[in-house]
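Only one structure is covered here, and it is reproduced in the block below.
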Amino acid sequence: MRKILHLDLDAFYCAVEELRDPALRGQPFAVGGKPEERGVVASCSYAARRVGVRSAMPMARALRLCPTLLIISGRHKVYSQVSQKVMERVHALTPLVEQISIDEAFLDVSDLPDSGEAIARRLQQQIREELGLPCSLGVATNKLVAKIASDVGKAASRSGSYPNAVQVVPPGHEAEFLAPLPVMALWGVGPKTAMRLEALDVKTIGDLARHSEADLARRFGKIGPELARHARGLDDRPLVTNRETKSISREITFVRDVRDGAQLQRTLRAMSAEVGHRLRHEGLSGTTVKLKIRWPDFTTPTRQTTLSQPTDSDDEIYSAALKLFEQIWQSGQLVRLIGVGMSGLGPRSRQLSLWESGSDKTRRLQAVVDKLRERFGDEAVKRGSELESMDE
Numbered sequence: 003m004r005k006i007l008h009l010d011l012d013a014f015y016c017a018v019e020e021l022r023d024p025a026l027r028g029q030p031f032a033v034g035g036k037p038e039e040r041g042v043v044a045s046c047s048y049a050a051r052r053v054g055v056r057s058a059m060p061m062a063r064a065l066r067l068c069p070t071l072l073i074i075s076g077r078h079k080v081y082s083q084v085s086q087k088v089m090e091r092v093h094a095l096t097p098l099v100e101q102i103s104i105d106e107a108f109l110d111v112s113d114l115p116d117s118g119e120a121i122a123r124r125l126q127q128q129i130r131e132e133l134g135l136p137c138s139l140g141v142a143t144n145k146l147v148a149k150i151a152s153d154v155g156k157a158a159s160r161s162g163s164y165p166n167a168v169q170v171v172p173p174g175h176e177a178e179f180l181a182p183l184p185v186m187a188l189w190g191v192g193p194k195t196a197m198r199l200e201a202l203d204v205k206t207i208g209d210l211a212r213h214s215e216a217d218l219a220r221r222f223g224k225i226g227p228e229l230a231r232h233a234r235g236l237d238d239r240p241l242v243t244n245r246e247t248k249s250i251s252r253e254i255t256f257v258r259d260v261r262d263g264a265q266l267q268r269t270l271r272a273m274s275a276e277v278g279h280r281l282r283h284e285g286l287s288g289t290t291v292k293l294k295i296r297w298p299d300f301t302t303p304t305r306q307t308t309l310s311q312p313t314d315s316d317d318e319i320y321s322a323a324l325k326l327f328e329q330i331w332q333s334g335q336l337v338r339l340i341g342v343g344m345s346g347l348g349p350r351s352r353q354l355s356l357w358e359s360g361s362d363k364t365r366r367l368q369a370v371v372d373k374l375r376e377r378f379g380d381e382a383v384k385r386g387s388e389l390e391s392m393d394e
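In the numbering used here, the protein residues as written are 3 to 394.
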């Protein structure tokens, strides 16, 4: 019988900010972008949540709900460093760890002698005492139920502050635990699937569990049997301890819609450089360049092109992205968001392209630029063409 924990750092960004400034404790505040810059809420304190503020909400709307809301710009490098300290303690407990985000991870502690609950409470106490961070954990026999358990434990907290919950689902009680929950609590059930299920009078996971695999397969195709198994609390997926990077991308939402072609091209070049830097930092190269644009009405066309050979060159990424941009954008057209990405990733080859094999000077220059950016930040080095915008 497996013992799986789901660890969730409660309002992680906010908890880190409170360590820096204890005066924030108990105050309604949000980490995210400024409302005048179309910022969104990345995380918000529990005092802000009590008046309806939520993550991913436009900051302007959050301020309407809570006029006294304090807005704090994110410090993502600091959050990553703190997250790493948490994960170091998690890995010291077991090597079977699947980190799914900066503030979430699954642990397989089946080989440890103590009960899952005892291990969870000990880890929770360690993270609180050594790092000053609150966290909640779900304990179950599989990933699906452990994740839902931590969500249920947090939602049941009535403290008005960080939940610090530990929710245990004993072996054999998975279906009983899930039955009263809304069907959208299940992985894989989004709004469209939920609407189709509601037409069958399926509103809770227990309602879903009363349908056979064959019936659900007939109605929902290949996801039907999975829905049936999950509704009964069955999930035999192992932890994925190593995740391959599938794509690398960078995008920006402008403070005000932009129609200046030169500015858009400078932005494309800067983002291509960031994508290239990330590729080289991770020892990767890619074959497919993707461009994403959003118009003021939120229509979001995308284009992509596959290169003849893998690359990690800023210039080659930009050249491909620029061609895609010229296919989509018409002169004077307003742009709300623009993004560049690279997929088709694999280990970096020593003979990547003409850029890599044909120009030692360019390659050495790029290596120096990478070192400067890693030491002083992405803004430390700019092309002359980028500097033109500073004189405007």
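No residue lacks a Cβ here, since even glycine has one placed at the ideal position from N, Cα and C.
Cβ-Cβ distance between E106 and H213 below 9 angstroms: No, Cβ-Cβ distance for E106 and H213 is not below 9 angstroms.
Proximity below 9 angstroms, CB of A167 to CB of S138: Against a cut-off of 9 angstroms, the Cβ pair of S138 and A167 comes out as a contact.
Exposure label - S85; buried when at least 16 CB within 10 Å: S85 is buried by the Cβ-count criterion.
Boundaries (first-last residue) of the alpha helix (DSSP H) holding F327: Per DSSP, F327 is one residue of the alpha helix (DSSP H) stretching across 316-330.
Coil, strand or helix - P24 by DSSP: Residue state, collapsed to three classes: helix.
Inside the region 133-210 only - beta strand (DSSP E) runs reaching at least 3 residues: Complete beta strand (DSSP E) runs here, min 3: 137-142, 168-170.
Start and end residues, alpha helix (DSSP H) containing M344: Segment 337-345 is the beta strand (DSSP E) holding M344; no alpha helix (DSSP H) there.
Proximity below 9 angstroms, CB of M344 to CB of I250: Yes, the pair counts as a contact, with Cβ atoms nearer than the cut-off.
contact_flag[the region 156-167, the region 192-199] where n(CB pairs < 8 angstroms) is 3 or more: Not touching, per the Cβ criterion.
Alpha-carbon to alpha-carbon, I6 and G155: Their backbone Cα atoms lie some 15 angstroms apart in a straight line.
Length of the line joining the Cα atoms of L125 and Q332: It is roughly 56 angstroms from the alpha-carbon of L125 to the alpha-carbon of Q332.
Spatial distance of G235 from L188 (CA atoms): Rounded to whole angstroms, G235 to L188 spans 10 angstroms at the Cα level.
Runs of beta strand (DSSP E) wholly within the region 234-284 (minimum 3 residues, chain order): Runs of the beta strand (DSSP E) inside the region 234-284: 249-260.
H8 - containing alpha helix (DSSP H), residue span: For H8, there is no enclosing alpha helix (DSSP H); the residue is found in the beta strand (DSSP E) stretching over 6-11.
DSSP three-state assignment for R40, whether helix, strand or coil: Reduced to three states, the DSSP call for R40 is coil.
M3 (DSSP reduced to helix, strand or coil): If DSSP states are grouped into helix, strand and coil, M3 belongs with coil.
Closest by C-alpha distance to K145, when choosing among A201, M3, P298: Selection A201, M3, P298 evaluated against K145 yields M3 as nearest (Cα-Cα).
Paired residues, beta bridge with I121 - DSSP: None; I121 has no bridge partner.
Residue from G223, V291, T255 whose Cα sits closest to the Cα of P312: For P312, the nearest C-alpha among the options comes from V291.
Cβ shell of Q101 (< 7 angstroms), same chain only, five flanking positions each side left out: The residues are M89, A107.
In chain order, each beta strand (DSSP E) run of at least 3 residues that lies wholly inside the region 87-113: For secondary structure counted as the beta strand (DSSP E) over 3 or more consecutive residues, the region 87-113 holds these complete runs in sequence order: 99-103, 106-110.
Any non-hydrogen atom of the ligand ADP closer than 8 angstroms to W331 Cβ: Of the ligands one can find in the structure shown there are none, so the ligand ADP has no counterpart to examine.
Per-residue DSSP class, three states only, for L67: Helix at L67.
Beta-ladder partner(s) of L293, from DSSP: Note: L293 sits in a beta bridge opposite R305, V342.
Alpha helix (DSSP H) segment containing A216, residue limits: From DSSP, the alpha helix (DSSP H) with A216 extends over 215-222.
Bridge partner(s) assigned by DSSP for V33: Listed as beta-bridge partners of V33 by DSSP are S45, I74.
Contacts around T289, its chain only, beta-carbon distance under 7 angstroms, and the 5 residues preceding and following it disregarded: Excluding residues within five positions, the ones whose Cβ falls inside 7 angstroms are T308, L309, P312, G346.
Sub-9 angstroms separation of L26 and G134 beta-carbons: Contact: no.
Check whether A58 and P37 have beta carbons under 9 angstroms apart: Cβ distance not < 9 angstroms, so A58 and P37 don't count as in contact.
Selection from K205, A32, L324, L98 that minimises the alpha carbon distance to P69: P69 has its Cα closest to that of A32, out of K205, A32, L324, L98.
T255 to D113 span [Cα, whole Å]: If you take the alpha carbons of T255 and D113, they lie about 47 angstroms apart.
Buried versus exposed call for R52 [16 or more other C-beta atoms within 10 Å across all chains shown]: Flag for R52 reads exposed.
Exposure of R271, with buried meaning 16 or more beta-carbon neighbours within 10 Å: Residue environment for R271: buried (at least 16 other C-beta atoms within 10 angstroms of its C-beta).
Three-state class that DSSP yields for G226 in the structure shown: In this structure, G226 counts as helix in the three-state DSSP scheme.
Identity of the residue in S321, E284, T247, Q329 nearest T304 by Cα: With distances taken between CA atoms, T304 lies nearest to Q329 out of S321, E284, T247, Q329.
Cβ neighbour criterion (16 or more within 10 Å) applied to P184: With fewer than 16 other Cβ atoms within 10 Å, it is exposed.
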